[in-house]
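J.: Handing you a structure now.
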Amino acid sequence: MFQDKPHIIFILTDQQRFDTVGAWGYDHMVTPNLDRLANEGISFRQAYCPGATCVASRAAIFTGMYPHTTGVYSFDPWGNHRNWVQDLSDNGYYCVNIGKMHLTPRDIPGGYHERVIVENPTNKTLDNGGADDDWGRYMSFYGVKRPNDRNKVDPEWLQKCQGVVWHEEERFHSDVFIGNSALNWIRNHRGEKPLFLQIGFTGPHEPWDPLPRHLDLYKEKEMPPRVMRDGELAEKPPQHLAHLEMHANTDHESQIDLRGRTQEELDEMKRHYFGNISTVDEKLGEILEALEDRGWLENSLLIFCSDHGELLGDHGLAYKWLMYDPIVHIPMIVRTPESVNNARTVTDLVSLMDVGPTVLEAAGVDVPTYLEGRSLMPYCCNEDVTPRQYVFCEDNYQIMMRSQTHKLVYYIGQEAGELYDLEVDSGELINLWEDSVHSEIQNQMLLHLLEWMASSNYYNAGYKRQRTRQYEMRWPTKEDAYLHGRRTKPRSRMVDL
Numbered sequence: 005m006f007q008d009k010p011h012i013i014f015i016l017t018d019q020q021r022f023d024t025v026g027a028w029g030y031d032h033m034v035t036p037n038l039d040r041l042a043n044e045g046i047s048f049r050q051a052y053c054p055g056a057t058c059v060a061s062r063a064a065i066f067t068g069m070y071p072h073t074t075g076v077y078s079f080d081p082w083g084n085h086r087n088w089v090q091d092l093s094d095n096g097y098y099c100v101n102i103g104k105m106h107l108t109p110r111d112i113p114g115g116y117h118e119r120v121i122v123e124n125p126t127n128k129t130l131d132n133g134g135a136d137d138d139w140g141r142y143m144s145f146y147g148v149k150r151p152n153d154r155n156k157v158d159p160e161w162l163q164k165c166q167g168v169v170w171h172e173e174e175r176f177h178s179d180v181f182i183g184n185s186a187l188n189w190i191r192n193h194r195g196e197k198p199l200f201l202q203i204g205f206t207g208p209h210e211p212w213d214p215l216p217r218h219l220d221l222y223k224e225k226e227m228p229p230r231v232m233r234d235g236e237l238a239e240k241p242p243q244h245l246a247h248l249e250m251h252a253n254t255d256h257e258s259q260i261d262l263r264g265r266t267q268e269e270l271d272e273m274k275r276h277y278f279g280n281i282s283t284v285d286e287k288l289g290e291i292l293e294a295l296e297d298r299g300w301l302e303n304s305l306l307i308f309c310s311d312h313g314e315l316l317g318d319h320g321l322a323y324k325w326l327m328y329d330p331i332v333h334i335p336m337i338v339r340t341p342e343s344v345n346n347a348r349t350v351t352d353l354v355s356l357m358d359v360g361p362t363v364l365e366a367a368g369v370d371v372p373t374y375l376e377g378r379s380l381m382p383y384c385c386n387e388d389v390t391p392r393q394y395v396f397c398e399d400n401y402q403i404m405m406r407s408q409t410h411k412l413v414y415y416i417g418q419e420a421g422e423l424y425d426l427e428v429d430s431g432e433l434i435n436l437w438e439d440s441v442h443s444e445i446q447n448q449m450l451l452h453l454l455e456w457m458a459s460s461n462y463y464n465a466g467y468k469r470q471r472t473r474q475y476e477m478r479w480p481t482k483e484d485a486y487l488h489g490r491r492t493k494p495r496s497r498m499v500d501l
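Each residue of the sequence shown is one higher than the last, beginning at 5 in this note's numbering.
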């Protein structure tokens, strides 16, 4: 498939819903460059994140381990865990991060040889004027202030529902800065090593701040209706109403209260969110052209995805932290030289946990046995694949497991939970947790959840016990294939623990 070691391009957006790619049939979207990727790649239409927040998901993606192993459920430090970027670096790759990575501590190398660091647009360090990352410093050179604390100075902040069009020159927009930084790096790099280039856009993380001309693209478009049912949150675990109350009443720049909003206010919120995606899409197109001009796309594995999704008014809520599909279901496209003339769609369940094994296999690097995902390269090579039965996502007190037909959310230490029959209730409006008719499927899924957790802990026992380099050999079991879809052949790996 590849000539020698391929370049690997990993483009990661932040908080992008699965239903935001025009080529996938979502006609309200203006995404010509995502559409190009979809027409040249493999669209994984059932891809899910392992963590329901930015840091938890990214820590799981890059360490290859779930939050219950790393302890990273929210804004926890994870940068000192071993990650597979270091495996690439140790095996001859030149590794570069441009944009949002969300390593904590933020400024450590994390396996990268070069980094251009951009955090959330509203990050702030008061003693240096908000210039606490490379984007902030760039703005400070031109006397432009980071747009912080707008909720304190804008009397209409709540009415805008986080939709605030970008107000400075285009070059100062965080996603434009990230895109331009990537373009300049691609055009000017003169190294000979194979590349791992991770480009992390901040959009469409709130506040939704598209360039004005990208907001204009959606002015005349009818917005998709939100998915909700009156009174549904009261029938679900208390975290749902607590989520609504916290974001409505806490004094912070992410404050949002969708109760009582007019349809036009909600539509404007969506237009800003979708416009922000179009801003990212434009820079994506320029990056693809630059990669093509350098001849790199001819021998590259390119992965596009988001770290998690966004509720955007569904169920009367915004943001993340819960386990609804608009949060955990994300867009994912993989482009290879062979897929350009053989674009296709995969509807098997896949996970962002699969990124690490996919990248390492494509690079010809042994996959450490503690990585819990499975390589997507068999899909890329048109091989037969045994589909997963479940995907999993964690966030503090809750664990989601989802099959093609059902979703279960288990709340640790609570009697309440969630169960949805997705074949008849794709919007997750009717919670069947207390419905005796569905007790058999609930008990079956809880048993499989226990099996998954025990298997996961077993796989990572070596990582937890020691941090020394050791030799490991074992035979995967039938249960491995059942729960994870791993190929049942003996594996012998030198792994860094």
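Heads up, the beta-carbon is just placed ideally off N, CA and C, and yes, glycines get one too.
Please go through the same chain and pick out, in chain order, the residues whose beta-carbon is closer than 6 Å to the beta-carbon of W139, but skip the five residues on each side of it.
T.: For the purposes of this step, residue 139 is taken as the residue at position 135 of the sequence shown. Same-chain partners within the cutoff: V122, S178 and F181.
J.: Do the stretch 375-393 and the stretch 359-367 touch if we need at least three Cβ pairs shorter than 8 Å?
T.: yes
J.: Does the beta-carbon distance from D394 to H452 come in below 9 Å?
T.: One-based indexing of the sequence shown puts residue 394 at position 390. One-based indexing of the sequence shown puts residue 452 at position 448. Asp is not the amino acid found at residue 394; the sequence shown has Tyr there. Contact flag set, yes.
J.: Could you spell out where the beta strand (DSSP E) holding V180 opens and where it closes?
T.: Counting from 1 along the sequence shown, the entry for residue 180 is found at position 176. Per DSSP, V180 belongs to no beta strand (DSSP E); it is in the alpha helix (DSSP H), S178 to N192.
J.: Any chance you could list the beta strand (DSSP E) runs of at least 3 consecutive residues sitting entirely within the stretch 192-239, in chain order?
T.: 199-204
J.: Can you tell which of G147, L215 and N184 has the C-alpha that lies nearest to the C-alpha of E174?
T.: For the purposes of this step, residue 174 is identified with residue 170 of the sequence shown, where counting begins at 1. Measuring from the Cα of E174, the nearest candidate turns out to be L215.
J.: Could you tell me how far apart the beta carbons of L38 and V25 are, in whole angstroms, since I believe they sit closer than 8 Å?
T.: Looking up residue 38 in the sequence shown gives position 34. Looking up residue 25 in the sequence shown gives position 21. So it is a contact: roughly 5 Å between Cβ atoms.
J.: Counting only the same chain and skipping the five closest in sequence on each side, list residues whose C-beta sits under 6 Å from that of Q446.
T.: One-based indexing of the sequence shown puts residue 446 at position 442. If we look at Q446 and ignore the five residues flanking it on each side, its Cβ neighbours are L423.
J.: Near V389, what residues of its chain come up, given a Cβ to Cβ distance below 8 Å and the 5 sequence neighbours on each side ignored?
T.: By one-based count along the sequence shown, residue 389 stands at place 385. Taken in chain order, the residues that qualify are D352, P382, Y383 and G489.
J.: Write down the C-beta distance between S407 and Y70 rounded to the nearest angstrom, noting that I regard them as a contact closer than 8 Å.
T.: Position 403 of the sequence shown, counting from 1, holds the residue named residue 407. Position 66 of the sequence shown, counting from 1, holds the residue named residue 70. In fact, because the Cβ distance is near 18 Å, the residues do not count as touching under 8 Å.
J.: Please state if the CB of V169 and the CB of L219 are separated by a distance shorter than 9 Å.
T.: Along the sequence shown, read from residue 1 onward, the residue named residue 219 stands at position 215. Along the sequence shown, read from residue 1 onward, the residue named residue 169 stands at position 165. Yes, the Cβ-Cβ distance between L219 and V169 is below 9 Å.
J.: Y323 and S1 - do their beta-carbons sit closer together than 9 Å?
T.: As shown, the chain starts at 5 and ends at 501. That puts residue 1 outside it, with no answer to give.
J.: Taking the beta carbon of K197 as the centre, do at least 16 other beta carbons fall within 10 Å, making it buried, or is it exposed?
T.: Sequence index remark: in the sequence shown, residue 197 carries index 193 (1-based). Per the 10 Å Cβ criterion, exposed.
J.: Exposed or buried, which one is P125 when buried takes at least 16 other CB atoms within 10 Å?
T.: As a position in the sequence shown, residue 125 is number 121, starting the count at 1. Answer is buried; the Cβ neighbour count reaches 16.
J.: Let me make sure I understand the geometry here. Which of C165, A51, H85 and Y52 has the alpha-carbon closest to that of H276?
T.: Along the sequence shown, read from residue 1 onward, the residue named residue 276 stands at position 272. Closest by alpha carbon: C165.
J.: Quick one, which of P372, L316, G417 and E172 has its alpha-carbon nearest M232's?
T.: The residue given as residue 232 occupies position 228 in the sequence shown. Here the closest residue by C-alpha is L316.
J.: On the DSSP letters alone, give me the boundaries of the beta strand (DSSP E) that Q402 sits inside.
T.: Along the sequence shown, one-based indexing puts residue 402 at 398. Unbroken beta strand (DSSP E) run through Q402: Q402 to R406.
J.: Looking at C-alpha atoms only, which residue of C385, I190, N400 and G368 is the closest neighbour of S93?
T.: Taking the first residue of the sequence shown as 1, we reach residue 93 at position 89. Of C385, I190, N400 and G368, the residue nearest in Cα terms is G368.
J.: So who's on the other strand from K411, going by DSSP bridges?
T.: For this step, residue 411 is matched to residue 407 along the sequence shown. In DSSP, K411 forms a bridge with R406 and Y424.
J.: With three or more C-beta pairs closer than 8 Å as the rule, is the stretch 81-91 touching the stretch 424-431?
T.: no
J.: On the three-state DSSP scale, how would you describe L292?
T.: What you label residue 292 is simply residue 288 of the sequence shown in a count that begins at 1. In this structure, L292 counts as helix in the three-state DSSP scheme.
J.: Does the Cβ-Cβ distance between Q20 and P208 come in under 9 Å?
T.: In the sequence shown, the residue the question calls residue 20 occupies position 16. In the sequence shown, the residue the question calls residue 208 occupies position 204. Cβ atoms of Q20 and P208: closer than 9 Å.
J.: Using DSSP bridges, identify the partner residues of D399.
T.: Looking up residue 399 in the sequence shown gives position 395. Bridge partners of D399: Q402.
J.: Does DSSP classify A322 as helix, strand or coil?
T.: Within the sequence shown, the letter at position 318 stands for residue 322. Here A322 sits in coil by DSSP.
J.: DSSP puts N101 in a beta bridge; with which residues?
T.: Locating residue 101 in the sequence shown gives position 97, counting from the first residue. Residue pairing of N101 in beta bridges, as defined by DSSP: R119 and Q202.
J.: With H, G and I counted as helix, E and B as strand and the rest as coil, what does DSSP make of S304?
T.: On the sequence shown, position 300 is the one that residue 304 refers to. Residue state, collapsed to three classes: strand.
J.: Quick one: what's got a C-beta closer than 6 Å to N155's C-beta in the same chain, skipping five residues either side?
T.: For the purposes of this step, residue 155 is taken as residue 151 along the sequence shown, with counting starting at 1. W161, E257 and Q259, listed in sequence order.
J.: Compute the beta-carbon to beta-carbon distance between I291 and G183, rounded to the nearest angstrom, for a pair I have assumed lies under 8 Å.
T.: Taking the sequence shown and counting its residues from 1, the one referred to as residue 291 is at position 287. Taking the sequence shown and counting its residues from 1, the one referred to as residue 183 is at position 179. I291 to G183, Cβ: 6 Å. Contact.
J.: How long is the line joining the alpha carbons of K482 and E342, rounded to whole angstroms?
T.: Within the sequence shown, numbered from 1, the residue matching residue 482 stands at position 478. Within the sequence shown, numbered from 1, the residue matching residue 342 stands at position 338. Confidence at K482 is low in this model, with a pLDDT of 37, below 50, so the placement of that residue should be treated as unreliable; the coordinate-derived value is given next. K482 and E342: Cα-Cα distance of roughly 32 Å.
J.: Can you tell me which of K149, P81, A60 and L288 puts its alpha carbon nearest to the alpha carbon of A42?
T.: As a first step, residue 42 is located in the sequence shown; it is residue number 38 there, counting from the start. Cα-wise, what sits closest to A42 is L288.
J.: Tell me the rounded alpha-carbon separation between G147 and N188.
T.: Here residue 147 corresponds to residue number 143 of the sequence shown, with the count starting at 1. Here residue 188 corresponds to residue number 184 of the sequence shown, with the count starting at 1. Those two C-alpha atoms are separated by around 23 Å.
J.: What are the partner residues of I46, as DSSP defines its beta bridges?
T.: For the purposes of this step, residue 46 is taken as the residue at position 42 of the sequence shown. Under the DSSP definition of a beta bridge, I46 partners with V338 and R348.
J.: Using the C-alpha atoms, what's the distance from G68 back to P372?
T.: Numbered from its first residue, the sequence shown carries residue 372 at position 368. Numbered from its first residue, the sequence shown carries residue 68 at position 64. Going by the C-alpha atoms only, they are around 9 Å apart.
J.: If I follow the unbroken alpha helix (DSSP H) through L364, where does it start and stop?
T.: Locating residue 364 in the sequence shown gives position 360, counting from the first residue. For L364, the enclosing alpha helix (DSSP H) has its first and last residue at V359 to A367.
J.: For Q448, which of H410, Q418, E419 and E432 has the nearest alpha-carbon?
T.: Position 444 of the sequence shown, counted from the first residue, corresponds to residue 448. Of H410, Q418, E419 and E432, the residue nearest in Cα terms is H410.
J.: How about F308 and V338: are their beta carbons less than 9 Å apart?
T.: As a first step, residue 308 must be located in the sequence shown, where it is residue number 304. As a first step, residue 338 must be located in the sequence shown, where it is residue number 334. Yes, the Cβ-Cβ distance between F308 and V338 is below 9 Å.
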